[in-house]
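Enquirer:
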Amino acid sequence: MEQSHNQLPVQLKNPALFDSRGFVAGNWKSAASNKTFPVIEPSSGQVLGICADFSQQDFVEAIEDADRGFRKYFFSTTAKQRSVLLRKWNDLILQNLDDLANILSLENGKTLAEAKGEVAYAASFVAWFAEEAVRSYGDVIPSSYQNTTAMTFKEPVGVCGIITPWNFPAAMITRKIAPAFAAGCAVVIKPPSETPFSAIALVRLALEAGFPPDIVHVVPTKDRNASLELATHPKVKKISFTGSTNVGKMLTKLAAGTIKRVSMELGGNAPFIVFDDANIAKAIEGALICKFRSSGQTCVCANRLYVHQDVLEDFTQGLIRRVSSFKLGRGIDEGVTHGPLVNAAAVDKVKSHVQDALQKGGQLRYGGDVPSDTPPGFFYQPTIITHANKDMLLATDETFGPIAAIFPFSSEDEVIEMANDTEFGLAGYFFSENVNRVLRVAQRLECGMVGVNTGLMSAVETPFGGVKESGIGHEGSKYGLGEYQNIKAVTIGNQSA
Ligand SMILES: NC(=O)c1ccc[n+]([C@@H]2O[C@H](COP(=O)([O-])OP(=O)(O)OC[C@H]3O[C@@H](n4cnc5c(N)ncnc54)[C@H](O)[C@@H]3O)[C@@H](O)[C@H]2O)c1
Ligand SMILES: O=CCCC(=O)O
């Protein structure tokens, strides 16, 4: 079937990158049922494109083809050849960065600058795992038996089911499939139905780079039950999921039925602590990044800002000054600093958190409403609320929006207890100029990633992952490849002549 004629409001240099079809079992195609679903542009609330809506049977076809492809791919390629393919894919992503960023900005809403940053971030995982592919070593182990050598081989886990969220439509895909390809695995990707087009474009470039068609499949669907095949089909050996904790728990339970490997990158409720010995200017910069990046829609966004009572007013006034210069609007428009939320449900959640906080004693210091001067999309004003407390929804539930809720505190022990009082453990941040406190608090915070005097720690070389109910496993870094490999122990005995 021909590509359907979705029209983008911008002219791409490479129009073939905007495709509404899936790539299943070696072919670009629409769903066998011809079903489709609309993808809405968050900045306008209008339909951006119509995407193929695949069924459970299409997932089965993709998985079985991937299983055949995996066996050929791994045994017929060296690590060096896989590295070369990844390098070519990285180059193609960077050559098409502007087009990919336009698609991403339109379907997700984030600003063009943020979208370009995300595409570069997405490419960085591909370049990184091109390097890691050729540095994957086994061990030679001193054996306790006479005339015996024990050793380990690293082997790919097999077919991997990949399920990703809309908030990073490109980077969450490459952070998983680049190490999978490096290890020698095949992948079946279920992209988010809010933002399928970035994933489709990345797969097109992977094929252009030369990856065999049977090791990569992208199967968009709006039917959540159809994609559950990735968690239950016996030929899928690993499921790698990024998204909310509840869906992650459900997939983990299903995956247990066939004892699949799982990687779970789940929700957060990050504390952001400003001690009285902090540099307040640095803390405000940090809050601007990690509270308002992607309009508050990152899993590592600060959700609870704990500010020492002695510096609370300085910090709050400084933050208000900076936030008042934000310009909300359509992500692709010049001068816009912050885009919309992903959909109407996201705006409703933010509204309910603000309303609840104000009913429970919160004081509104900035924003607090939908703006009147933006396009008719899903916008909410950047908002600052002081006098936050633990009984508010925004203390326990990930708001995923541009609300800075400021909680007062007076001692280190008190704030550590409040910060750790959550089932989540993804990111945590704190600001202090005292080296002893820096080392102490970094160890006391119960989370997988800690930012000290910075609001930005995401980088390809740093392991990304959570503890508690925020996840299992690590992405990126020197640990990311191992998530897609099994360790096989080989013992060679009776070596005497
Ligand atoms: N830890 C991380 O690395 C990380 C990164 C990004 C986002 N997140 C988290 O993701 C969440 C936001 O993303 P979201 O709203 O897309 O999450 P989500 O869990 O609703 O969706 C994630 C993916 O799962 C699919 N999905 C949702 N419900 C499903 C179901 N019942 N059955 C099968 N598939 C289902 C979605 O279509 C999407 O592809 C936040 O909680 C955020 O913290 C975590
Ligand atoms: O949303 C979570 C991922 C964001 C990141 O990698 O910085």
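When the letters of the sequence shown are read in order and numbered with the UniProt record's numbering, they come out as residues 1 to 497.
In this text, a Cβ means the ideal position worked out from N, Cα and C, and glycines have one as well.
Should the stretch 64-73 be regarded as contacting the stretch 132-150, the criterion being three or more beta carbon pairs within less than 8 Å?
Expert: The answer is no - the stretch 132-150 does not touch the stretch 64-73, with fewer than three Cβ pairs under 8 Å.
Enquirer: Consult DSSP for residue 177 and reduce its assignment to one of helix, strand or coil.
Expert: Translated into the one-based positions of the sequence shown, residue 177 becomes position 177. DSSP places residue 177 in helix when its eight states are reduced to three.
Enquirer: Please say whether residue 18 and residue 201 have beta carbons closer to each other than 8 Å?
Expert: Your numbering for residue 201 matches position 201 in the sequence shown. Your numbering for residue 18 matches position 18 in the sequence shown. In this structure, residue 18 lies closer than 8 Å to residue 201 by Cβ.
Enquirer: Between the beta-carbon of residue 263 and the beta-carbon of residue 492, is there less than 8 Å?
Expert: The residue you call residue 263 lines up with position 263 of the sequence shown. The residue you call residue 492 lines up with position 492 of the sequence shown. Result no, Cβ atoms of residue 263 and residue 492 do not sit closer than 8 Å.
Enquirer: Compute the minimum distance between the beta carbon of residue 290 and the heavy atoms of ligand 2, and state whether it is under 7 Å.
Expert: Taking the first residue of the sequence shown as 1, we reach residue 290 at position 290. Residue 290 Cβ: outside cutoff for every heavy atom of ligand 2.
Enquirer: Spatial neighbours of residue 5 within its chain, please: CB distance less than 6 Å, with the 5 preceding and 5 following residues excluded, ordered by chain position.
Expert: As a working note, residue 5 is residue 5 in the sequence shown. Below a pLDDT of 50, predicted positions are generally treated as unreliable, and residue 5, at 47, falls in that range; the measurement from the model is reported next regardless. Excluding residues within five positions, none has a Cβ falling inside 6 Å.
Enquirer: Are the Cβ atoms of residue 208 and residue 92 separated by less than 8 Å?
Expert: In the sequence shown, residue 208 corresponds to position 208, counting from 1. In the sequence shown, residue 92 corresponds to position 92, counting from 1. Contact flag set, yes.
Enquirer: Under the rule that 16 or more other beta-carbon atoms within 10 Å means buried, what is residue 382, buried or exposed?
Expert: As a first step, residue 382 is located in the sequence shown; it is residue number 382 there, counting from the start. That one is buried.
Enquirer: For residue 365, which three-state DSSP category applies?
Expert: Counting from one through the sequence shown, the residue named residue 365 turns up at place 365. Note: residue 365 maps to strand in three-state DSSP.
Enquirer: May I ask you to report which of helix, strand or coil DSSP gives residue 486?
Expert: Translated into positions along the sequence shown, residue 486 becomes position 486. Strand, per DSSP.
Enquirer: What does the alpha-carbon distance come out to for the pair residue 481 and residue 215?
Expert: In the sequence shown, residue 481 corresponds to position 481, counting from 1. In the sequence shown, residue 215 corresponds to position 215, counting from 1. Spanning the two alpha carbons is a distance of roughly 17 Å.
Enquirer: Which first and last residues belong to the beta strand (DSSP E) in which residue 263 is found?
Expert: In the sequence shown, residue 263 corresponds to position 263, counting from 1. 261-265 is the span of the beta strand (DSSP E), which, as asked, contains residue 263.
Enquirer: Can you tell me which of the three DSSP states residue 166 falls into?
Expert: The sequence position of residue 166 within the sequence shown is 166, counting from 1. Coil, per DSSP.
Enquirer: Nearest CA to the CA of residue 277: which residue from 435, 477, 461?
Expert: Working through the sequence shown from its first residue, we reach residue 277 at position 277. Ranking 435, 477, 461 by Cα distance to residue 277 puts 435 first.
Enquirer: Say yes only if the C-beta of residue 219 is nearer than 7 Å to one or more non-hydrogen atoms of ligand 2, and no if none qualify.
Expert: The residue labelled residue 219 in the question sits at position 219 within the sequence shown. Not so, every heavy atom of ligand 2 lies at least 7 Å from the Cβ.
Enquirer: Using 7 Å as the cut-off, classify the Cβ of residue 171 as near or not near the heavy atoms of ligand 2, replying yes or no.
Expert: In the sequence shown, counting from the first residue as 1, residue 171 sits at position 171. Checking every heavy atom of ligand 2 against the Cβ of residue 171, one is found closer than 7 Å.
Enquirer: Looking at C-alpha atoms only, which residue of 126, 414, 231 is the closest neighbour of residue 461?
Expert: For the purposes of this step, residue 461 is taken as residue 461 along the sequence shown, with counting starting at 1. It is 126.
Enquirer: If you reduce the DSSP assignment to three classes, tell me which class residue 10 lands in.
Expert: Residue numbering aside, residue 10 sits at position 10 when the sequence shown is read from its first letter. Residue 10 falls in the coil class under three-state DSSP.
Enquirer: Would residue 242 pass as a contact of residue 151 if the rule is Cβ separation under 8 Å?
Expert: By 1-based counting over the sequence shown, the position of residue 242 is 242. By 1-based counting over the sequence shown, the position of residue 151 is 151. Result no, Cβ atoms of residue 242 and residue 151 do not sit closer than 8 Å.
Enquirer: Hey, which unbroken runs of the alpha helix (DSSP H) at 4 residues or more fall wholly within the stretch 357-425?
Expert: Qualifying alpha helix (DSSP H) stretches, in chain order: 393-396, 412-420.
Enquirer: Please return the same chain residues whose Cβ sits closer than 7 Å to the Cβ of residue 364, not counting the five positions on each side in sequence.
Expert: Here residue 364 refers to the residue found at position 364 of the sequence shown. For residue 364, where only same-chain residues beyond five positions count, the Cβ hits under 7 Å are 358, 385.
Enquirer: Output the boundary residues of the alpha helix (DSSP H) element that contains residue 464.
Expert: Along the sequence shown, read from residue 1 onward, the residue named residue 464 stands at position 464. Per DSSP, residue 464 belongs to no alpha helix (DSSP H) and is neither H nor E.
Enquirer: Please identify the residue among 375, 302, 64 whose C-alpha is closest to the C-alpha of residue 270.
Expert: Looking up residue 270 in the sequence shown gives position 270. If we check each option's Cα against that of residue 270, 302 comes out closest.
Enquirer: Just list the alpha helix (DSSP H) runs in the stretch 253-324, keeping only unbroken ones of 4 residues or longer that don't cross its boundaries, in chain order.
Expert: Segments of the alpha helix (DSSP H) lying fully in the stretch 253-324: 280-292, 312-323.
Enquirer: Which stretch, first to last residue, makes up the beta strand (DSSP E) that contains residue 232?
Expert: If you number the sequence shown from 1, residue 232 lands on position 232. Careful: residue 232 lies outside any beta strand (DSSP E), inside the alpha helix (DSSP H) at 229-232.
Enquirer: I'd like the list of long-range same chain contacts for residue 87, defined as Cβ closer than 6 Å, with 5 residues on each side in sequence excluded.
Expert: Counting from 1 along the sequence shown, the entry for residue 87 is found at position 87. Same-chain partners within the cutoff: 130.
Enquirer: Within the continuous alpha helix (DSSP H) that includes residue 107, where are the two ends?
Expert: Translated into positions along the sequence shown, residue 107 becomes position 107. 97-108 is the span of the alpha helix (DSSP H), which, as asked, contains residue 107.
Enquirer: Residue ranges of each beta strand (DSSP E) run of no fewer than 3 residues wholly in the stretch 118-158, ordered along the chain?
Expert: 140-142, 149-156, all fully within the stretch 118-158.
Enquirer: So which of 62, 463, 348, 476 has the shortest CA-CA distance to residue 402?
Expert: Sequence index remark: in the sequence shown, residue 402 carries index 402 (1-based). Considering only alpha carbons, the answer is 348.
Enquirer: For residue 105, count neighbouring C-beta atoms within 10 Å of its own C-beta (all shown protein chains included) and say buried if the count is 16 or more, exposed if not.
Expert: Position 105 of the sequence shown, counting from 1, holds the residue named residue 105. So residue 105 counts as buried.
Enquirer: Under three-state DSSP, which class holds residue 250?
Expert: What you label residue 250 is simply residue 250 of the sequence shown in a count that begins at 1. Of the three classes helix, strand and coil, the one that applies to residue 250 here is helix, per DSSP.
Enquirer: Have a look at the DSSP bridge pairing and note the partners of residue 161.
Expert: The residue given as residue 161 occupies position 161 in the sequence shown. DSSP output for residue 161 lists 188, 239 as bridge partner(s).
Enquirer: How about residue 242: is its Cβ closer than 7 Å to a heavy atom in ligand 1?
Expert: Taking the sequence shown and counting its residues from 1, the one referred to as residue 242 is at position 242. Answer for residue 242: yes, Cβ within range of ligand 1.
Enquirer: Assign residue 457 to one of three DSSP states: helix, strand, or coil.
Expert: Taking the first residue of the sequence shown as position 1, residue 457 is located at position 457. The answer is coil: DSSP assigns residue 457 none of H, G, I, E or B.
Enquirer: Hey, out of 417, 203, 369, whose CA is closest to residue 21's CA?
Expert: Your numbering for residue 21 matches position 21 in the sequence shown. When each option's Cα is compared against that of residue 21, the closest is 203.
Enquirer: Could you tell me which uninterrupted beta strand (DSSP E) segments, each at least 3 residues in length, are contained entirely in the stretch 23-92, listed from first to last along the chain?
Expert: DSSP runs (the beta strand (DSSP E)) wholly in the stretch 23-92: 27-29, 36-40, 47-52.
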